[in-house]
Every structure is written in structure tokens, then in C-alpha cells.
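Each remark here refers to the structure printed beneath this line.
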Amino acid sequence: MRKTELHTGWTVRATGGPIPPEIADTVVPAAIPGTVHTDLLAAGLIPDPYVDRNEEALAWFHRSSWQYATVLRAAPAEPGERVELVFDGLDTVARVDLDGHEIGRTANMHRGYRFDVGHLLTGEEQTLGVRFSAALDHAEQVQAEIGERPRPYPHPFNAIRKMACSFGWDWGPDLQTAGIWKPVRLERWRVARLAAVRPLATRRHLGVTVEVERLAADDLVIEVTAGSEVHREKLAGRDTAVVEIPMPDAPTWWPAGYGEQPLVGVEVRLLHDGDEVDSYRTRVGFRDVHLDETPDEHGSRFTLVVNDQPIFVRGFNWIPEDHLLTRVTRTRLERAADRALAANANLLRVWGGGIWETDDFYDVCDERGLLVWQDFPLACAAYSEEEPIRSEILAEARENVTRLAPHPSLILWNGGNENIWGHEDWGWKAALNGATWGARYYDEDFPALLAELDPTRPYHPGSPSSPGHDPADVHPNDDRYGTRHEWEAWNREDYTHHDNFVPRFCSEFGWQAPPAWATLVETLAPGDLRKDSPAFLLHQKAEDGNGKLDRGVARHLPLPGDFAAWHWATQLNQARATRYAVLHLRSHAPRTMGSILWQLNDCWPVTSWAVVDGAERLKPAWYAVRSAYAPRTLAFVRRDNAPVLAVINDTASPWHAPVDLRLLGFDGAVADSPAGSDVPADFDVPAHSVRLIPVGLRPADPSNTVLVAEADGLRATHLFAEDFDLAYDPAPLSVDARPVDGGWAVTVTASSFARDVALLPDRLAPDATVDDMLVDLLPGESHTFTVTTSATVDSSAFAGPSAFAGPSVFAAPEVLRSANALAGHRPVVARS
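As numbered in the working numbering, residues 192 to 1023 make up the sequence shown, in order.
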């Protein structure tokens, strides 16, 4: 097998649609892999689609068509040789030509294509071309043929096999990319090639299924090497072999926090007369996984079990890291995965409206022990079970299940996102009038495909769903079974609404907030830094998103009038909502065994549910998740509308510690005594367990009293009223900032109880980060924040308004923030 990459010498030009005059006749160098958007950006012909209102200005892309071309010089196939042109990914509706001769057509960005071109090659210079038609035009044509099916957005994304969020989502832009988005190459081979290899590793066994494509009937030999084990099997006229290798001494692969992640190299060689004609290399991890769905007194469990260890999933939903997919590098994926791990997460759910992620993504997760929940890419819509959709969905599923088989991080297959729920609740049945909507995929096709290709991993028909129950009898979002999505809290209620449900596994929930201040300043013009500006609203895609933000804040906090304070208040409320929901779920273990927050990341600068914004800056909510997902944590949660102390121990060791519970006035005076109460002096919590401790302490004056619990250096606080009813000192903080290597040590001291103390250093400098946030300080306490930045900063700026302010229509944004400060704007005291 000889492989030659074809990544150089490409150009792209427009061939149709409402193309601007300055682009219409221009031939642009094209990067492969890449897209038209990235090529035109590199050429300076379009503005950044993520900035200002440029997304609207680039809507002409939706009806455009493009021609990629390069010069190919390759010898024709020799006798007994095949030469194939291989595209790993084309986005999306493409015609491939060689010297004007059509080689093939494609309409699915989620799969690869292979074309026999040996008979067309001349050895001289030839023109290889790929023409992309408008995906929207194709989707509308297919929809007209198969009938319209329900979906939440105007464009018929469910009538084409293209990343659904390419057409816009309630957090993403509507850009509709086109291009050669994955590698392309020539492959020359004789005798046979490896058509598919599926290594499936369990804890003590490796099975490798090999499928070959032949040009001759010669006997072939498959040689599989795994660690020190070498096994050979003859393919005497067969095209498929399964090599079974017992691995009794294989090192065990564990999820993050449970053990190490050893990976073992696997090599498959295809031999003919002793010579290698093709090969395949990968790595596997040896582990067992199953899904415990045993019926119990509450309904039925939904617990992932790895190597016989039940896992409480502390997860994030994952969307594409950049809407312009080809800009996502392995290094960027490593940073994203490390942020998830640093927030104490152990799982990423690859959401069904995006893509089958790249090999780099799964490699990164394998190396770090980040479990992967993999959706089939079907989201929030009804999908036709007829042609031309059906064969494409099944072809991409077969290809990608095979591709992802080696990865130990991949732990669960999921049929799709919210499609079963949508069919039951969102008015689809009347709109469909008996038309197919996807049930056959979730109930028959995907289970059958996995039984054939990957029986080692569990399958779940949809998120949410109640497996084993007819949706007409048990709702797909029933909290007693399977998975639940909790969106009433954000959409119509309040984050305290989570208390009304105890799901077996919550695979989506979340709360919105704007991106970091520096991200807004980089994205919007100074005059647009207000929540009602058209540019800001273009970067707020949720229905009535700002209204929900305002109502969410107003249930707990005074709603600020100026934009900088509003920005902080909404970010703080996202952090609180996130922490509240996560701790509610964790406190109900083992009845609840999963929390997957929507969402970790953003694909562009936008107001969204992400805890890391599109510029990779951490929102306050990321720090809230880090605290709430800590393996050991103390938290006050509610039972029967009263606070109880949850002692959460998700480690392999028992936790025994003395606990101190007390009521304090905001001035530091003891407000009550635990004497005579039922408060224990210490606690014992077994490994991977939760203990709830009733708290009998009640304040005489709820407006200025805080309940404090401390154990093993951890602290939890509880307040007995909402912020707008609390007698906070609005300016209880003083600051001492001193330079240190790489930045600043900023010590904040409280003269009165200070809640959710935070530094927002990106308001000082775009590269500035801080190590901690959302710290509660008792009177007389100090906390030192470490700020990292390369910028020159005036120490006084940490205590007062920053110079990095944006427009002059409001006061410069303050860097030091707290819940207290939202009640007033007195300046803090700066110490030299």
C-alpha cells in the first residue's frame, strides 16, 4: 500500500450564487483540509464571521457554490494494481471530477469516500476538481421529495447529512460551510487491502475483526501484535477474520480519578507470501463496561459500571470546539480536555447535533481517562427512514462505529438527542401524519449494527428516554427511568426547580451567561456593549434569552442597570444555578448516578450555557463546577424545604472527619449555638457514598445570618434569604496586590461576610486569568488570588474600575466583584 497526500496546490473559486463582486472572479489558494470560509478569511476577502454582525453579512454563503481544483500527476494503474482517490471527508454536496470526467458525487460530511481512478490517470498533469453545491439548496430539494419533517429551526438540517448546527442553533452561528474538510490522498495497492479493522478490548481479552478487499484470490495472512502477543491467522479464500487474543495480564485502563490509563499498541499486518501489503496501527485500553438498568423501588437504575466499579458521572456536554471545524487542532483539544479534567469532570458527551469527532479527540480522551458518551448525529428533529437519508445514516454509522472501536474512553452509544422526546411532546405526531420520524433507527437499526460491530459497549436509544417502556405509557423524560433533560428550570422556572425531580441520570441541564468581558470587547464594537444592541443580540441565539437571564437574576439578586454590573450578575447567577443543580444531583447518589452539564465549550463568542467561552476563557460557572464536582465536597442542599448538609465522598477511601456547624452574623458574632441540637461532632462516609446530615440550627434574624459548615479544610455556607433581602455590607472588601513571577498575588480581606468574591482579571488585560473564584469570606478572613498575566497592570486596578472598560456610556467595569457589591457601588479600600 502506497499513500500519497494530496494537500498542496489547491485553489478555490466561486461558481454560483449571490457572490459579492470582489470575490466572484477571484481564485484563492485553498488549504486542505479546510473550508471556503477559512480560505477567504486567510485571503482577506471576508470579515471575521464571529465579530460584530458579520454573520448576517455573510448569509450569501447559504446559496453559493464553489470549485476546488489542483493539478494531479500520477501514473495510471499497472496490471494487478488499483489506484484510488480517497476523501476522508467532504462538506457536503460535492461532485468530484478528473479532467472534467465525473468520478462521483457525495452528500454526507460524516463519512469518507473512495473512488477508483487508475484507469483515468495518464502520468501527465491533470486537473482534479471538487465542486460544492449549496447544502441548503440540496436539503430543500430532498425535503420536497421526502416530505417536510418537524425540527426546531427554519433550515431543513434533518434532510441532509451535514452537521446539524451548521445551519445555526440556539448557541451557534448559521454559516453553512463547504470544503474538503478532512485529508485526501491517493492509495495504490496490489493483491488486497485492509478494508476495515475493529479492535475491541475488554479487561482480559482483545478481539480484532479484519475485513479485506481483494484483487486476487491468493491466500493471505493476518498478523496481529498486541504488546508482546503475536497471533497469525490465514485467510484462505475468506475476506473476514476474527483474531481472538486472551490477555490475562493486560494492564487495566481506568476512568480519570479511578486509576491509571495505560494504552497498549496494536498492529495489524496483512501479509502475502510473507510480504506486508497493508497495515493498521492503533492503541487500545483494557477495561470492561456495562450499563446497570436493574429495576428498583424508584423505577430502574441508570449506572455506568467500569471494571465492576459503579461510576457517578460528573460530565459535560461537548459541542464542536469551533464552528469552523478545520481550525480545531489537537493542541486545542488537549486544552479543552484539560479544562474538563481540572473541573473534576470524568466524561464528555459528544452531542448529536455536531459531528463524529476527530481521531485526535478520542486519543486525547483515551490518554486522560475522560469517558466519552457518543451520540449518533441526530438531534432535535424527525428523520426520514426512507432514501436518500436512510442509506447515508447507516453508512456513516457503520464507518464511524468501526473507526472508533479501539478507544477505551468511548463508553456508551446513544441513539440521538431529544428526538424521542420531541416525537412525544412537541406536536410532531400531527405534523408527521404517519410519516416516519426515526424510531426504526433508535429501536432496530442502531442496536442491530452495534450487535454486529461493537457488542462490548452499552447502547441507549436516546437522550432523554425511558428504555424498555413504550413512550405512550412512560414519558421519555420520566425521572424514574433512563435519562432526563431538565430544561424547565432555565426556560420557565428557576434553578431551584431542580428540587422537584430526582432523575436516575440527568444528561442535560444548564443556565446561560454572556462570555468573558475580554471576549465581548474583542467581538463587539464599544457602542454595542449593551444587552439590547443588535450586535449583542446576534450573539444571543436563545429564544427570549436575555429575558430569561433577567428573570433568573431578579429571582435572587437586584437586577443591575448598567451593562458591566449586569454582565457580572448574569455570570454569577449562571455559576449559582450550575452549582445548585450539580449538588442536588450528587446528593441523591446512588439513586441518581449522572450529571452531564450543558455545556463545556462554545464554538464562537456567544451568550450561552457554556462554562468556557468561545475564546477559551473560563466563566465564573467553570469555577462553580470545579467546586461542585470535587471528589470530596461539603454542600448544603434542600430536603423538605430545609437545609441539610450533604457530605459527598466520591473517592476510593472512607472519609472520617470532625465537622463544625455554626450560625454567624454577618459581623462575625456567633448568632446561635449548636448545643442541644442534633448536629454531630464528626461524620463517617464510606467510599463512593453520600451522607446527609440534618441541621437543626435556625437564625433569629435570617437577613444577616450565615450557616457555616467546615471539615477537612472544606467549607459550605447557607443563607436563609435571597440576596435582595439580606443585610449585606455592600463594600466589605479591602485589597492588597503585589507583583509575583508571572502576575500578581491579590489578597482580599473581608470586614463583614462577603459572598461569592471574585476577581475578573480579563477586565484588566485580555490574557489575564485567575486561579480561584466565588469565595465566601467570613469577617476578618483573607483569601489570596493568583492572577497570571503578561500585561503591565496598576495594582490599584484590582480594587477599583479597570482601564479596559469599553464604551464610556457606563462606569468602567470593576475587577473585584461579589454578591455584596450588586447591592451598591461604594469603592473598595485599596492598601499599598
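Every residue, glycine too, gets a C-beta built ideally from N, C-alpha and C.
Problem - Extent of the continuous alpha helix (DSSP H) to which ARG212 belongs - result: The question names Arg, yet the displayed sequence has Pro at residue 212. Per DSSP, PRO212 belongs to the alpha helix (DSSP H) from 212-215.
Problem - Limits of the unbroken beta strand (DSSP E) element including ILE436 - result: The continuous beta strand (DSSP E) containing ILE436 extends over residues 431-437.
Exercise for the section: Would you please state the rounded distance, in angstroms, between the beta carbons of LEU788 and VAL816? I believe it to be under 8 Å. Expected result: 6 Å
Exercise for the section: Could you tell me whether the Cβ atoms of VAL937 and PHE976 are closer together than 7 Å? Expected result: yes
Exercise for the section: Ignore the nearest five residues each way along the sequence and tell me which others in ARG273's own chain have a CB closer than 7 Å to its CB. Expected result: ASP307, GLY309, TRP380 and LEU406
Handout entry: Three-state class that DSSP yields for GLN317 in the structure shown
Key = strand
Handout entry: Simplified DSSP state of SER973, which is helix, strand or coil
Key = strand
Problem - Cut-off 7 Å between Cβ atoms - residues of its own chain near PHE1001, not counting five sequence neighbours on either side - result: With a pLDDT of only 40 at PHE1001, under 50, the local geometry of the prediction cannot be trusted, and the value read off the model is given with reservation. Hits under 7 Å: ASP753, PHE754 and ALA755.
Practice task
Return yes when the Cβ of PRO877 is within less than 7 Å of the Cβ of PRO845, no when it is not.
Solution key: Against a cut-off of 7 Å, the Cβ pair of PRO877 and PRO845 comes out as a contact.
Handout entry: Cα-Cα separation, ALA1021 to ARG808
Key = At ALA1021 the pLDDT is 44, less than 50, meaning the model places this residue with poor confidence; the figure from the coordinates comes in the next sentence. Each residue's Cα considered, the two are about 27 Å apart.
Handout entry: Bridge-paired residues (DSSP) for TRP509
Key = VAL541
Exercise for the section: Report yes or no: do three or more beta-carbon pairs, one from the stretch 372-391 and one from the stretch 451-471, lie closer than 8 Å? Expected result: yes
Practice task
Inspect the CB distances between the stretch 250-257 and the stretch 194-208 and report whether three or more fall short of 8 Å.
Solution key: The stretch 250-257 and the stretch 194-208 touch, with no fewer than 3 CB-CB distances between them shorter than 8 Å.
Practice task
Starting from GLY659, follow its DSSP beta bridges and name the residues at the other end.
Solution key: Looking at the DSSP assignment, GLY659 forms no beta bridge with any residue, so it has no partner.
Handout entry: DSSP three-state assignment for GLU163, whether helix, strand or coil
Key = Summary: the structure shown does not reach residue 163, with the chain confined to residues 192 through 1023, and so no result is reported for it.
Problem - Supposed contact pair ARG394 and PRO725 - C-beta distance, whole angstroms, cut 8 Å - result: Contact doesn't hold; Cβ gap of about 56 Å is too wide.
Handout entry: ALA866 (DSSP reduced to helix, strand or coil)
Key = Below a pLDDT of 50, predicted positions are generally treated as unreliable, and ALA866, at 44, falls in that range; the measurement from the model is reported next regardless. Three-state result, ALA866: coil.
Handout entry: Three-state class that DSSP yields for TYR771 in the structure shown
Key = TYR771 falls in the helix class under three-state DSSP.
Exercise for the section: Taking the CB atoms as reference points, tell me whether ASP645 and ALA596 lie closer together than 7 Å. Expected result: yes
Problem - Between the CA atoms of GLY271 and VAL388 - distance to the nearest angstrom - result: 24 Å
Practice task
Could you spell out where the beta strand (DSSP E) holding SER357 opens and where it closes?
Solution key: From DSSP, SER357 is part of no beta strand (DSSP E); its letter is neither H nor E.
Exercise for the section: Evaluate LEU236 with the Cβ neighbour count: other Cβ atoms within 10 Å of its Cβ, from every protein chain shown; 16 or more gives buried, anything less gives exposed. Expected result: exposed
Exercise for the section: Might you give, ordered along the chain, the residues of its own chain that have their beta carbon closer than 8 Å to the beta carbon of GLU499, omitting 5 neighbours on each side? Expected result: The sequence shown places Asp at residue 499, not Glu. These residues qualify, in order along the chain: ASP479.
Handout entry: Contact between the stretch 632-651 and the stretch 582-598 (3+ Cβ pairs under 8 Å)
Key = Between the stretch 632-651 and the stretch 582-598, the count of Cβ pairs shorter than 8 Å is three or higher; the stretches touch.
Exercise for the section: Return the residue from the list GLU336, LYS739, LEU539 and VAL496 that minimises the CA-CA distance to ASP483. Expected result: VAL496
Exercise for the section: Measuring alpha carbon to alpha carbon, tell me which of GLU467, GLY398, VAL899 and ALA573 ends up nearest GLY625. Expected result: It is ALA573.
Problem - Contacts around GLU679, its chain only, beta-carbon distance under 7 Å, and the 5 residues preceding and following it disregarded - result: HIS688
Exercise for the section: Please check the pair GLY545 and MET300, which I expect to be a contact at CB under 8 Å, by giving their CB distance rounded to whole angstroms. Expected result: Separation of the CB atoms of GLY545 and MET300 is rounded to 11 Å, and the pair is thereby denied contact status at 8 Å.
Exercise for the section: Indicate whether VAL218 and THR199 have their beta-carbon atoms separated by less than 7 Å. Expected result: no
Practice task
Please report how far the alpha carbon of MET964 lies from the alpha carbon of ASN535, in whole angstroms.
Solution key: 16 Å
Handout entry: Contact between the stretch 536-556 and the stretch 310-320 (3+ Cβ pairs under 8 Å)
Key = no
Handout entry: Opposing strand residues paired with THR938 [DSSP bridges]
Key = Beta-bridge pairing links THR938 to ASP927 and THR975.
Handout entry: Range covered by the beta strand (DSSP E) that runs through ARG423
Key = 420-426
Practice task
Just mark ARG340 as buried or exposed, buried being the case when its beta carbon has 16 or more other beta carbons within 10 Å.
Solution key: Buried.
Handout entry: Cα-Cα separation, ILE602 to THR473
Key = 18 Å
Problem - Sheet register partners of ASP487 (DSSP bridge) - result: GLY490
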